[in-house]
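Since the structure comes first, as structure tokens, the remarks are kept for the end.
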Amino acid sequence: MAGLKDILHKKILEQRPRVKRLLQEHGDVLFDQVTIGQVIGGARGIKCLVTDISHLDPEEGVRFRGRTIPETFAALPKAPGSCYPYVEGFWYYLLTGEVPTERQALDVVADFQRRQQIPEYVFDALRAMPRDLHPMAMLSAAVVAMQGESVFARRYNEGMNKMDYWEPMYEDACDLLARLPGIAAFIYRLKYRDDSPISADPDLDMGGNFAHMMGIEAPYDDVARMYFILHSDHESGNVSAHTTRLVASALADAYYSFSAGVNGLSGPLHGLANQEVLRWIQGVMKKLGGKLPSEAELTDFLWDTLNSGQVIPGYGHAVLRKTDPRFSAQMTFCEKHLADDPMFQLVQMIYRVAPKILMEHGKARNPWPNVDAQSGVIQWHFGVTEYDFYTVLFAVGRAIGVLANITWDRALGYPLERPKSVTLDMLEEATKGR
Ligand code: CMX
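Just so you know, we're using the working numbering here: the sequence shown kicks off at 197 and counts up by one.
Below you can see the structure in the form of structure tokens.
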């Protein structure tokens, strides 16, 4: 007699052609206000989220509070001797939409220095985990382990007026943000440097302190500043941002909400793509005995990947239709600091070759590189060769955007998210007679 799994498999095989037919033959049919293609296709392009923190134009890329990436970098106060802004000043900017003075940015630096102490039980919990656990799982667990610190949860339990929700959410957001670089660096040194953590330097800003706690010399402090800012926000529909906001919309606190967002970021179609890029590049070089491929060899590798039903990591995007300006901003850094690095040269070669191949392949709507296409190469250059750590760096940056968003969500009283679902029968009913 067929068991549960066999019966389930049979039903899956029956349902798949229905979904395929709906998409291929009726994708453009309107169902209420949106098309069947959008209902089945991951809600692409449906405008049902509000945020003023950032906006993503398909042709131009992201604007933070109305400024492009170069404009944002130019406008904000810089750390001494650095070409990149204080992350803390950027947090001020995302929260308020106003460019802080140097004094105002330094006030946030000092505030974060006061908040950055990580509870000892977080380190104990991380040490108790298997060392081969993925660092994103460690990060997510470390964040949710601090839930008992939540000011929002405590004040909510005491009874709080709705109008006041934003204030403890802001406190939690600042506490969490101030601690995240220390948690990330601790995970790195626990997993890959024989459990040799480096304590925070109470005089440094977030970027400087992260480099210090990783044990990496300048200009890695600038890598951290650039990296955290570039990865911060990409409007609200992407998986990590949307997950954080969705969970927070149930009035879950920042710890529960951001931990959920971290879990979403760990998917290979989202933040994990930065480690996949390095894995793919290493795979190419391994097959060639450690040498760089020629353009012809690279072309063959790209086709092999596509023909085996896999994606080219770091290429394509759900919204963007041009080269991601976050990719271009990192390229500017690489041209200054990594010009002779063979891995960077390979990334440039991929940029010359891959879009043409993806266009010829004809599936991806956007054949151009996204933020993940060269972020790993920068880390590799500075000695962070353990590529499964890269998405943790993305997560620290992403926290800035999503925590600003959920603070504002509570301030403006945005309600519990609750989109409506339908059945395949209902969709098929709508196509009758067409
Ligand atoms: N390589 C091969 N095929 C690709 C592709 C790529 N880089 N990008 C898209 N495609 C394929 C899709 O898999 C899809 O195929 P099916 O029709 O067989 O399902 C088809 O092209 C159409 O997809 P799309 O509309 O262009 O893209 P989506 O909005 O569905 O997905 C994304 C967007 C990013 C998931 C996809 O481009 C992808 O998988 N890229 C590689 C992974 C990656 O770099 N992710 C990181 C994105 C940035 C981030 O969030 O960090």
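All C-beta atoms in this analysis are idealised placements derived from N, C-alpha and C, irrespective of residue type, glycine included.
Nearest-angstrom Cα distance between residue i and residue j?
i: P266; j: K628; result: 51 Å
i: P538; j: F382; result: 30 Å
i: D512; j: P563; result: Contrary to the premise, residue 512 reads as Gly rather than Asp in this sequence. About 5 Å.
i: M555; j: D418; result: 35 Å
i: P509; j: D584; result: 14 Å
i: K483; j: Q541; result: 18 Å
i: Y416; j: A407; result: 6 Å
i: L290; j: L442; result: 20 Å
i: S571; j: R212; result: 37 Å
i: Y366; j: T603; result: 6 Å
i: W499; j: R561; result: 17 Å
i: F424; j: I203; result: 47 Å
i: A258; j: F269; result: Here the sequence assigns Val to residue 258, which means Ala is not the residue at that position. Answer to the nearest angstrom: the Cα atoms are 13 Å apart.
i: V480; j: A569; result: 15 Å
i: N357; j: A525; result: 43 Å
i: K532; j: T587; result: 24 Å
i: S504; j: R310; result: 51 Å
i: R517; j: D253; result: 9 Å
i: L200; j: K207; result: 11 Å
i: D320; j: T519; result: 43 Å
i: E354; j: Y452; result: 19 Å
For ligand 1, any of its heavy atoms closer than 8 Å to the Cβ of residue i?
i: P509; result: yes
i: L290; result: no
i: G262; result: no
i: R240; result: yes
i: P464; result: yes
i: E637; result: Residue numbering for the chain in the displayed model covers 197 to 630; residue 637 lies beyond these limits and cannot be assessed.
i: F406; result: no
i: E255; result: no
i: F590; result: yes
i: A595; result: no
i: L502; result: yes
i: H557; result: yes
i: Q506; result: yes
i: G233; result: no
i: H513; result: yes
i: N459; result: no
i: A448; result: no
i: V435; result: yes
i: E431; result: no
i: G479; result: no
i: G467; result: yes
i: R561; result: yes
i: L165; result: The question about residue 165 has no answer, for the chain in this structure spans 197 to 630.
i: E221; result: no
i: M493; result: The sequence shown places Glu at residue 493, rather than the Met named in the question. Every heavy atom of ligand 1 is 8 Å or more from the Cβ of E493, so no.
i: N357; result: no
i: E472; result: yes
Say yes only if the C-beta of residue i is nearer than 8 Å to one or more non-hydrogen atoms of ligand 2, and no if none qualify.
i: D568; result: Although ligand 2 was asked about, the structure shown includes only ligand 1 as ligands.
Just to confirm my understanding: we take residue i, look at its own chain, exclude 5 residues before and 5 after, and list those with CB closer than 6 Å. What are they?
i: N459; result: S336
i: G411; result: I394
i: D582; result: The identity of residue 582 in the sequence shown is Glu, whereas the question assumes Asp. Once the five neighbours on either side are set aside, the close Cβ partners of E582 are Y388.
i: V435; result: G460, H466
i: T439; result: A456, G457, G460
i: E298; result: P273
i: A623; result: The question names Ala, but residue 623 in the sequence shown is Leu. So the qualifying residues of the chain are L218, I232.
DSSP puts residue i in a beta bridge; with which residues?
i: F227; result: V230
i: F260; result: S250, R263
i: Y511; result: P565
i: P281; result: K274
In chain order, what residues of the same chain have a beta carbon less than 7 Å from the beta carbon of residue i, not counting five sequence neighbours either side?
i: D303; result: none
i: L612; result: S445, A446
i: D449; result: Q343, S346, F348, A349, D368
i: R606; result: Y361, W362, M365
i: G579; result: I412
i: Y547; result: P565
i: D397; result: N405, H408
i: V230; result: I242
i: T495; result: V549, I553
i: F454; result: V339, L372, T440, A595, V598, L599
i: R672; result: Shown here, the chain extends from 197 to 630; a query on residue 672 therefore has no answer.
Beta-carbon within less than 8 Å of residue i's beta-carbon, same chain only, minus the 5 sequence neighbours each way: which residues are those?
i: R323; result: L386, D391
i: L219; result: I232, G233, I236, G237
i: D248; result: R261, G293, W604
i: H205; result: none
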